[in-house]
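Protein chains in written order, with my numbering: chain A, 1 to 316; chain B, 317 to 911.
Okay, here's the thing in structure tokens:
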């Protein structure tokens, strides 16, 4: 029980807030800046949700702008390309989740099993680097890689594919895969840090005992490491499900073109064109964000409930 | 009874005269009120020549002047604070000012998402009719001098004509900054006279002028008709193929991702259509140019050019390029025959020595061609009527309610100065030698900056013909050219008296861009009159149609959809109607009808 509390951070039953605060005051103090951050940047701005139901005017502000009810949502959902954008967003989100969830775990396990320290450090740094490069640069690189004479295109040509600019290919699922693999390339190294840290906390004695009992590397990974990081994986998966609809606006905007709107347009870019084309429409853009947030929260709660039911462990 | 009636009449007359007197603005009533104003410009000048626009020498000079709105000796100075939005975040900056209610007295609304009419409707912009009529004689005189714009200083608001914004004005159609360009040297080196079959010749002369004997099939020395263009592009295609440039990303024709050139009407109005909406002088109405036979004919031509392999095979992939900077690597690499570009690319600008393909490159400009080949007679021989950047009314200023209790007569006298001869020249060309000498006493900081920049003799001189000749160093340093005057302020620009010192060949190209009168343009003075509801709908329609055209037009050009198929074309036009193309016309026609 105590171990479980340590992992989850739950306050033990029967212990009052006051007692807990007296006992763990320093921990609460450490948490204070985070709490303040969330209040200022995440909770107070929530009042802005009202804009989704208003004909928002900057000079009138949040409380004096005209209330229009669901009109902004109606405008959003009845747009010609809404269903198309919604389909693309969903497909890219699901593909990102399916293809993007395992690589950081696999990489973390590979790092943990890698013995030469220098090689390990170099490869770790190299895998983290794309995460610190701006989206513009990443997209410029991807544009080069998959362009008419790009490295990826040439590789694909070697395997018999037609020479072309893959970003201009509007067939399903070309753009989706480019987007997903770009996301994996950018984030799988950085995403592996948390798993690497968790794996480093796995008791060396257990692994040593298993080795003495004849367990090979794969068996040690399968029977010791993976069960040890199972809860972390569940937390990460639950959170990934909750944010899966936040398909990267900047990356899609930088990579898509009218020719491929049919397969590349996502909710964010669709809203961007609608709300920030010739005249800024704060109402529609907030309505779109609210819609995606509600969708994300629903998915987060569902995924949490499912993991609680099937793994007896959940985020909350 | 008679005395009573007389007394009543006298009392009524006195009352009327009092009401009349109180309605008229009197500058003296404002004397003593605050003359401190804030003025938001749309963007600044790079910080190389001064840190803040506030430090601009011309502003220092003009702020040293005293203003006497009623010419009765009650002079006062203006204390002006200039607000400059950070580059790249101009709209955010302006919206933040409005959102916080801390917006300035004078705002350039070019960067804002609200029209002048909307700002007036929201109570932010003042009705300045009486002030402008009384204290801005130079501004009012401009509209009298330009019959095409007569009365357009007024906006129809609530059924009344009011002045709610001040436009920047141009005395003559401003010089083009961009247009259709082509490789003249390729025609000289690889083309043949269409009549005699003889090779062309051309060379740079000692005085820096370009001279050649190129003649197009129409008999002109520039590409006048579509047939001229096709003859020219055929030469480009041969050059590209023979040099193997097509394998290296070269092509004959560069166009935008939607298959058009420049902005509304460039290359298209010579077919009698426009890729957007235009004002038809014949009917006096705004027309949906997309649905015209002329626009369809233009697409038929583009489809033919595509089939000939003349157009950039990857034109659809340049959706993120600015319309005047498409595929710059290929342009500056010397691998394109014709493109929409900047006037700074004219002449030998591409010949930088960076690539053998640009060695000897000579770039010329061309007007919008007249269709003489495609479609029937109804779409042939039409004089082009649209060209970008030719409107003589520009950026708008509004005076906000923040200034309502300040000395407005002094402010309007100050603003009017820039529409006068002296102020207009100073704003555009900088300080004269005499003004610099005056500055040494009244605004020493301004004189110091001019001395530092090596312009102690003034930024310009006046020639014997009475033309203004810029100091040569201002032509070679664009940033300095911007720093010497007050080009971010609204006023009147008069290029008719400006001797830019262009060589004859260059001047000819500049003139070609302005060859045809622009009659179809829908100017800012129209769109600024949209009501909030109209503005919202107008924007929505434009967004939908822009997205739709970006997707659909290339399909007609590349043959994915048959441009000759009536059903496909009708479906395209029908969809535009559903998006509100005709409603868009109705909105604008409402304003034209009210004028």
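Note that beta-carbon positions come from the ideal geometry of N, C-alpha and C, so glycine has one too. For clarity, every value in this text was computed on a predicted model and none was experimentally measured.
Between which two residues does the alpha helix (DSSP H) holding residue i run?
i, result
"residue 863(B)", "848–874"
"residue 749(B)", "749–758"
"residue 315(A)", "Segment: none, residue 315(A) is in no alpha helix (DSSP H) and carries neither H nor E."
"residue 121(A)", "117–128"
"residue 38(A)", "25–38"
"residue 769(B)", "Premise fails: residue 769(B) is in no alpha helix (DSSP H) and is neither H nor E."
"residue 502(B)", "500–506"
Taking a contact to mean a Cβ-Cβ separation below 9 Å, would you say residue i touches residue j in this structure?
i, j, result
"residue 840(B)", "residue 383(B)", "no"
"residue 845(B)", "residue 907(B)", "yes"
"residue 530(B)", "residue 838(B)", "no"
"residue 242(A)", "residue 306(A)", "no"
"residue 255(A)", "residue 142(A)", "yes"
"residue 587(B)", "residue 552(B)", "no"
"residue 369(B)", "residue 751(B)", "no"
"residue 186(A)", "residue 130(A)", "yes"
Once DSSP output is grouped into helix, strand and coil, what is the label at residue i?
i, result
"residue 879(B)", "coil"
"residue 550(B)", "helix"
"residue 714(B)", "strand"
"residue 325(A)", "There is simply no residue 325(A) to check, as chain A begins at 1 and stops at 316 in what is shown."
"residue 296(A)", "helix"
"residue 540(B)", "coil"
"residue 424(B)", "strand"
"residue 897(B)", "helix"
"residue 146(A)", "coil"
"residue 812(B)", "coil"
"residue 221(A)", "helix"
"residue 671(B)", "coil"
"residue 60(A)", "coil"
"residue 569(B)", "strand"
"residue 736(B)", "coil"
"residue 819(B)", "coil"
"residue 618(B)", "helix"
"residue 382(B)", "strand"
"residue 5(A)", "Residue placement at residue 5(A) is flagged as unreliable, the pLDDT there being 49, under the threshold of 50; the coordinate-derived value follows with that caveat. Correct three-state label for residue 5(A): helix."
"residue 262(A)", "helix"
"residue 179(A)", "helix"
"residue 332(B)", "The pLDDT assigned to residue 332(B) is 49, lower than 50, so where the model puts this residue is not dependable; a value taken from the coordinates is nonetheless given after this. Helix at residue 332(B)."
What residue range does the beta strand (DSSP E) around residue i cover?
i, result
"residue 580(B)", "No beta strand (DSSP E) contains residue 580(B), which DSSP labels as neither H nor E."
"residue 478(B)", "476–478"
"residue 519(B)", "518–520"
"residue 604(B)", "601–604"
"residue 534(B)", "Element bounds for residue 534(B): n/a, residue is neither H nor E."
"residue 356(B)", "352–356"
"residue 350(A)", "The requested residue 350(A) does not occur in the structure, where chain A is confined to residues 1 to 316."
"residue 245(A)", "That residue, residue 245(A), is in no beta strand (DSSP E); it is neither H nor E in DSSP."
Could you tell me which of the options sits nearest to residue i, measuring between CA atoms?
i, options, result
"residue 815(B)", "729(B), 780(B), 426(B)", "780(B)"
"residue 473(B)", "442(B), 448(B), 465(B), 501(B)", "442(B)"
"residue 628(B)", "386(B), 739(B), 562(B)", "562(B)"
"residue 183(A)", "242(A), 171(A), 94(A)", "94(A)"
"residue 86(A)", "305(A), 295(A), 160(A), 213(A)", "295(A)"
"residue 678(B)", "590(B), 527(B), 356(B)", "527(B)"
"residue 822(B)", "523(B), 372(B), 755(B), 359(B)", "523(B)"
"residue 107(A)", "190(A), 30(A), 50(A), 239(A)", "190(A)"
"residue 357(B)", "782(B), 577(B), 850(B), 807(B)", "807(B)"
"residue 46(A)", "32(A), 62(A), 34(A)", "62(A)"
"residue 434(B)", "716(B), 909(B), 600(B)", "716(B)"
"residue 684(B)", "590(B), 642(B), 803(B)", "590(B)"
"residue 835(B)", "702(B), 903(B), 721(B)", "702(B)"
"residue 298(A)", "265(A), 313(A), 240(A)", "240(A)"
"residue 505(B)", "800(B), 555(B), 658(B)", "555(B)"
Assess contact between the segment 608–624 of chain B and the segment 867–875 of chain B, defined as three or more Cβ pairs (one per stretch) separated by less than 8 Å. Is contact present? With the rule of 3 Cβ pairs closer than 8 Å, the segment 608–624 of chain B counts as touching the segment 867–875 of chain B.
Specify whether the segment 636–645 of chain B and the segment 567–579 of chain B touch according to this definition: at least 3 beta carbon pairs, one from each stretch, less than 8 Å apart. Taking 8 Å as the limit for Cβ pairs, the verdict is that the segment 567–579 of chain B does touch the segment 636–645 of chain B.
Take every Cβ of the segment 206–217 of chain A, pair it with every Cβ of the segment 171–180 of chain A, and state whether three or more of those distances are shorter than 8 Å. No, the segment 206–217 of chain A does not touch the segment 171–180 of chain A.
Using 8 Å as the Cβ pair cut-off and three pairs as the minimum, do the segment 847–865 of chain B and the segment 497–510 of chain B touch? Touching, no.
For the segment 691–699 of chain B against the segment 419–427 of chain B, do three or more pairs of beta-carbon atoms, one drawn from each stretch, fall closer than 8 Å, so that the two count as touching? No, the segment 691–699 of chain B is not in contact with the segment 419–427 of chain B.
Between the segment 451–458 of chain B and the segment 469–485 of chain B, do three or more beta carbon pairs fall short of 8 Å? Yes, the segment 451–458 of chain B is in contact with the segment 469–485 of chain B.
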